[in-house]
Every structure is written in structure tokens, then in C-alpha cells.
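Undergrad: Please read through the structure below; I'll follow up with questions.
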Amino acid sequence: MRIILLGPPGAGKGTVANQLKATDGSVHISTGDILRNNVKAGTDLGKKAKEYMDKGELVPDQLIMDMMEVRLQEADCAKGFMLDGFPRTIPQADALGKLLEKINIKLDAAINLDIPREVVLDRLTTRRTCNNSACQTIYNVKTNPPKVEGKCDKCGSPVIQRSDETEEAILNRLEVYNKQTAPLIEYYANKGMLKSASKLKLDELVQEVLNKLKN
Ligand code: AP5
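Last residue of the sequence shown? That's 1366 in this note's numbering, and every number before it is there in order.
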């Protein structure tokens, strides 16, 4: 599949992508994960991105497009890809459209995870993430805690709270989402590419997404 996953912070884009990749081997490309790996590795991109990320602001479009132009042309993308957290602004969506046209790739759909604000707020304050860049498994202290507290089930690395998970940054991310990213719902609807999924239980949501992709 070649899809975009849209939805507010905490909607479950990363969690759903992890389940979907088991269905056909499409790669999960999360711009948030790539940026966090760069921050951790202390690259130039990471240094530039960190100040925006910690406040819950968006990283400038050009930095994201330079990064994605390279990533989308890597060999593993030939199997299909799920874009999580990208595009996030109208200019990014326009630039993605041009890039895909240039490399002759067509998207199947943009899937909007339509999850209510009170649910995403609760999920974001209780999310925990594996600190190992190669793993980054997502947990939730309420609904899906690691078997041993603070330790990743898959690789044993520490499970941490992200640095943009302070209450102030979370509220800002939701506001930034409403202003800069939510307009993409109409953008893809106008292109006839939008599908929505709104189930709250993970297995039901994944099935809903798969059903929508078939129709
Ligand atoms: P990013 O990492 O993309 O964060 P986000 O979009 O805010 O999304 P999240 O990762 O917070 O949420 P999610 O929807 O993936 O939810 P998850 O599956 O984890 O971006 C971070 C920052 O990077 C941005 O603020 C920005 O600065 C920068 N950035 C990234 N991309 C950019 C771009 N394109 N342009 C500019 N800047 C960019 O689930 C959340 C929690 O809920 C978890 O605990 C999970 O276990 C739980 N959960 C999920 N689904 C369910 C369910 N169905 N039932 C119960 N629990 C569930």
C-alpha cells in the first residue's frame, strides 16, 4: 500500500502503521521518528529540529522536504509505504505531490484517523516509547504497558516519555495541528483521495482502515 496517515497527535498513526506493516510489508515512515533519531545522533538536522519539537512547533517545511526526498527514494519504499506525520502542511502536501509525480508513484489514499480530542489528550499523557532508535515500540501505561515497568518487551531498552510530552507542548501540538495540518483533510477530500476511520479499539480501527482501502 501507499498511504498517508492523517490525524491529530495521539490519534494512533504510529500504532496503526505498526499493525498494518504486518499485512503486506509496506514500510512505516514516521517523520517524527526520523527527526528524533537525528536529535539523538546530534546531526545538523537534529540540532535544528530540536528547538521546534520541544515546543510542539512544526519543523520548517524545507528541512522536512529535503529529508523526505531522500527517504522516499530508498529501496525499501518499492514495497509500499505508510507516511505517518507527513505531510503536515499544505506546502508539504504540494511538494509531496510534485515529488511523487517526478518519481512516478501514485498514492492509494489519505486515511484520516478521526479520534476525539479528549481521547487523544488522555493517550498522549499516558504514552511511553522505547528509547532505542532501531525499535521505538509505542506503549501506553493504561492500555498497553510493557511487561516489566520501564523496560521494552522487544529489546530491553528503557521505555521513556518523549520530551514533547509536557502538558504545555501537548496543548501546543494540538493547536498547531488544528491550524496547520487539519486543512489537509479538505485538501485530500478535494482530490478524491480521503478516507476516514474512527473506531477507538485498535483491532477494530485497523480492520476499518483495511476495509476502506479495499473500497
Ligand atoms: P510526531 O512524532 O509525528 O508526533 P505526532 O503527529 O504529534 O503524533 P504522535 O506520534 O504524537 O501520535 P500518533 O498519532 O502516532 O499516536 P501513537 O500511535 O503514538 O511529531 C513530533 C514532532 O516532530 C512534531 O511536533 C514536529 O515538531 C516534528 N515533525 C514531525 N513531522 C513533521 C513534519 N512533517 N513537518 C514539520 N514538523 C514535523 O498513539 C498514542 C498513544 O495512544 C500510545 O500510547 C498508544 O499506545 C495509544 N493508542 C493508540 N491507539 C490506541 C487505541 N486504538 N486504543 C488505545 N490506545 C491507543
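All C-beta atoms, glycine included, are put in the ideal place defined by N, C-alpha and C.
Give a single yes or no on whether residue 1160 has its beta carbon closer than 6 angstroms to a heavy atom of ligand 1.
TA: Locating residue 1160 in the sequence shown gives position 9, where the first residue counts as 1. It does: the Cβ of residue 1160 is within 6 angstroms (strictly closer) of some heavy atom of ligand 1.
Undergrad: Please say whether residue 1235 and residue 1181 have beta carbons closer to each other than 7 angstroms?
TA: Counted from its first residue, the sequence shown places residue 1181 at position 30. Counted from its first residue, the sequence shown places residue 1235 at position 84. It is a contact, given that the beta carbons lie within the stated cut-off.
Undergrad: Please list, in chain order, all residues of the same chain as residue 1243 whose beta carbon is under 7 angstroms from its beta carbon, the five residues on each side excluded.
TA: Numbered from its first residue, the sequence shown carries residue 1243 at position 92. Cβ within range, chain order: 1212, 1215, 1216, 1237.
Undergrad: Beta carbon of residue 1154, beta carbon of residue 1245: below 7 angstroms?
TA: Residue numbering aside, residue 1154 sits at position 3 when the sequence shown is read from its first letter. Residue numbering aside, residue 1245 sits at position 94 when the sequence shown is read from its first letter. Result no, Cβ atoms of residue 1154 and residue 1245 do not sit closer than 7 angstroms.
Undergrad: What would DSSP say about residue 1216, mapped onto helix, strand or coil?
TA: Walking along the sequence shown from the start, residue 1216 turns up at place 65. Looking at residue 1216 - three-state DSSP - the assignment turns out to be helix.
Undergrad: For residue 1291, does the three-state DSSP call read helix, strand or coil?
TA: As a position in the sequence shown, residue 1291 is number 140, starting the count at 1. Strand, per DSSP.
Undergrad: Rounded to the nearest angstrom, what separates residue 1302 and residue 1277 at their Cα positions?
TA: Position 151 of the sequence shown, counting from 1, holds the residue named residue 1302. Position 126 of the sequence shown, counting from 1, holds the residue named residue 1277. The straight-line gap from Cα to Cα measures roughly 15 angstroms.
Undergrad: Which residues bound the alpha helix (DSSP H) around residue 1256?
TA: Indexing the sequence shown from 1 puts residue 1256 at position 105. Premise fails: residue 1256 is in no alpha helix (DSSP H) and is neither H nor E.
Undergrad: For the stretch 1264-1351, list the alpha helix (DSSP H) runs that are entirely contained and at least 4 residues long, ordered along the chain.
TA: As far as the stretch 1264-1351 is concerned, its whole alpha helix (DSSP H) runs of at least 4 residues are 1268-1277, 1318-1327, 1334-1341.
Undergrad: For residue 1210, which three-state DSSP category applies?
TA: Counting from 1 along the sequence shown, the entry for residue 1210 is found at position 59. Reduced to three states, the DSSP call for residue 1210 is coil.
Undergrad: Out of curiosity, what's the CA-to-CA distance linking residue 1286 and residue 1226?
TA: By one-based count along the sequence shown, residue 1286 stands at place 135. By one-based count along the sequence shown, residue 1226 stands at place 75. Cα to Cα, the separation comes out at about 20 angstroms.
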